[in-house]
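Heads up, the sequence shown is in the working numbering, so the first residue is 1 and it goes up one at a time. Each residue gets a CB set at the ideal place from its N, CA and C atoms; glycine is no exception. A quick note: this is a predicted structure, and the numbers were derived from the prediction, not measured. To start, the structure itself, in structure tokens.
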Amino acid sequence: EYLQVAPEILREMQKKEERSVGTVEGDIYQLGMLIYQILLDRIPFAELKDSTYSIMRSMLSGEGSGMKPFIPEDTGLTLRLVSIMQQCWHTKDVTRPTLPKIIDAVHREYGNDAKGTLVDQMISMIDEYSANLEQIVEKRTEEIEELKEKTERLLYQIMPKSIALELREGRSVRPSMHPSVSVLFADVCQFTSLCEQSIPVQIILMLNLLYSKFDEIVESYSAFKVENVGDAYLIVAGIPEMEDNCDICEVCQIAIQFQKFVHDHYVIPHRPEHKLKIKVGIHSGALASGILGSTAPRFCVFGDTVNVASRMGSTSEPGRIQMSETAAHLLKSKFEHRFVIQERGIVNIKGKGPCTTFWLIKEGKELASDAK
């Protein structure tokens, strides 16, 4: 507000420590500021990074060379309008134009369009500015809504939607126990060998193409990708809890789609002759989840279920999907005729010892050839 007050009025206010009575010349100064805002659609001195105090001190210095609002060269304003505005801002109040002179300049500029008193013309200009402002606000609102949607989509990609909604509402998320969750681990086979034979940029491109497709597959389900670290890709289903143990069905469908994509479509960009293969492991059970960190919050899962699923992945075979006995029994009990599974036999699992595991073959009815 004070930046648009005439310098001599500001000096009087400094001396008296109170707001001075206005003058005609002071009103002319502020009228020039008003014309500036209407014609240029900007606030005077907005381009300056200095504090209000610094700007006011510059305005008060000197008798005829005080600081004035910046007028860009590409405004399209005529010399007459620019000149009348600058005359209004002269630090010597006696050199400022009279109101009739300003009216005459506006009439000369707008000709027949300048009807009524100066106030009428200013009101007309303000109405036009307001109409443009509404369009600007509408456009900015659309941009904000679009940015909000992008932010929400990104948030839903790094944590389950139910938890993301709580964080968005400003509520704290407490660690939770989940009694029945299905976990999937996917590992790239011979990843270390590929890294030794490739440069870092090639590995990043290879994994980006692979995981982008995996993300696309997972997004069509209720399952959630927890993380991918190096060659390991981890997803969980059942947070929040799903009805009728659908979590095991979802991870099995996802695992089959992963293998199908890698086998039928994926080509390593820098080594097209090398056929990429992945190993997948699945286990079901209880686990704990929570948000770690505040600056960069991260959704994490913990528990023996995660460890066993990881072991199922690491002890699987290239191009195959290995399930724990718990996961296989859960799948057969709820979706007996929907998937084809085969017993693999006894596998030595680190931390568990000898365990019976199963192969997930495909989704669909069992054929005679599958049972062999």
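So, helix, strand or coil for residue i, using DSSP?
i: Phe335; result: coil
i: Arg298; result: strand
i: Lys161; result: helix
i: Ala232; result: strand
i: Ser58; result: helix
i: Glu12; result: helix
i: Gln197; result: coil
i: Ile268; result: coil
i: Lys275; result: coil
i: Glu63; result: Reliability fails at Glu63, whose pLDDT of 45 lies under 50, so the model's placement of it is uncertain and the value that follows must be treated cautiously. Correct three-state label for Glu63: coil.
i: Ala237; result: strand
i: Arg344; result: strand
i: Ile71; result: coil
i: Ile43; result: coil
i: Glu227; result: strand
Check for me: the beta strand (DSSP E) holding residue i runs from which residue to which?
i: Asp187; result: 176-188
i: Thr356; result: 353-363
i: Ile282; result: 278-292
Quick one: residues in its chain with C-beta nearer than 7 angstroms to the C-beta of residue i, no 5 flanking neighbours on either side, listed in chain order?
i: Leu48; result: Ile55
i: Ser198; result: His270
i: Ile35; result: Met85
i: Phe224; result: Pro160, Ile235, Val236, Ile239
i: Pro354; result: Ile346, Asn348
i: Cys189; result: Lys277, Ile278, Lys279, Pro318
Does residue i pass the burial test, meaning 16 or more other C-beta atoms within 10 Å, or should it be called exposed?
i: Gly64; result: Since pLDDT at Gly64 reaches only 43, below the 50 mark, its modelled position is unreliable, and the value read off the structure follows with that caveat. Classification for Gly64: exposed.
i: Met177; result: exposed
i: Lys279; result: buried
i: Leu31; result: buried
i: Thr151; result: exposed
i: Arg311; result: buried
i: Gly230; result: exposed
i: Arg108; result: exposed
i: Asn245; result: buried
i: Ile248; result: buried
i: Arg140; result: exposed
i: Val267; result: exposed
i: Val306; result: buried
i: Ala286; result: exposed
i: Ala327; result: buried
i: Phe45; result: buried
i: Ile9; result: buried
i: Pro100; result: exposed
i: Ile28; result: buried
i: Val262; result: buried
i: Phe299; result: buried
i: Ser212; result: exposed
i: Pro179; result: exposed
Leaving aside the five residues before and after residue i along the sequence, list all residues of the same chain whose C-beta is less than 6 angstroms from its C-beta, in chain order.
i: Ala309; result: Val183, Phe185, Gly281, His283
i: Ala6; result: Gly26, Tyr29
i: Glu343; result: Phe358
With distances taken Cα to Cα, identify the nearest neighbour of residue i among the options.
i: Ile163; options: Asp187, Gln202, Glu196, Val226; result: Val226
i: Lys92; options: Leu133, Tyr156, Val106, Arg11; result: Arg11
i: Arg174; options: Pro297, Ser316, Asn245; result: Pro297
i: Lys161; options: Ala237, Ile102, Arg80, Pro200; result: Ala237
i: Lys277; options: Cys300, Phe258, Ala288; result: Phe258
i: Met323; options: Leu292, Ile349, Ile346, Thr357; result: Thr357
i: Gly319; options: Glu336, Ser333, Ala255; result: Ala255
i: Ser294; options: Glu143, Gly170, Val82; result: Gly170
i: Leu25; options: Met67, Val181, Val94, Met13; result: It should be pointed out that residue 25 corresponds to Glu in this sequence rather than to Leu. When only C-alpha atoms are compared, the closest one is Val94.
i: Glu166; options: Gly290, Leu147, Glu134; result: Gly290
i: Ile136; options: Thr23, Ile103, Asp41; result: Asp41
i: Gly364; options: Asn228, Glu336, Met33; result: Glu336
Which same chain residues, not among the five before or five after residue i, have their C-beta less than 8 angstroms away from its C-beta?
i: Gly76; result: none
i: Ile203; result: Leu194, Cys195
i: Tyr221; result: Ala237, Glu250, Gln253, Ile254
Identify the continuous alpha helix (DSSP H) that holds residue i and give its terminal residues.
i: Gln398; result: This structure cannot speak to residue 398, because the chain is shown only from 1 to 372.
i: Gln322; result: Element bounds for Gln322: not the alpha helix (DSSP H) but the beta strand (DSSP E), 321-324.
i: Arg311; result: 304-314
i: Arg80; result: 79-88
i: Tyr110; result: 99-110
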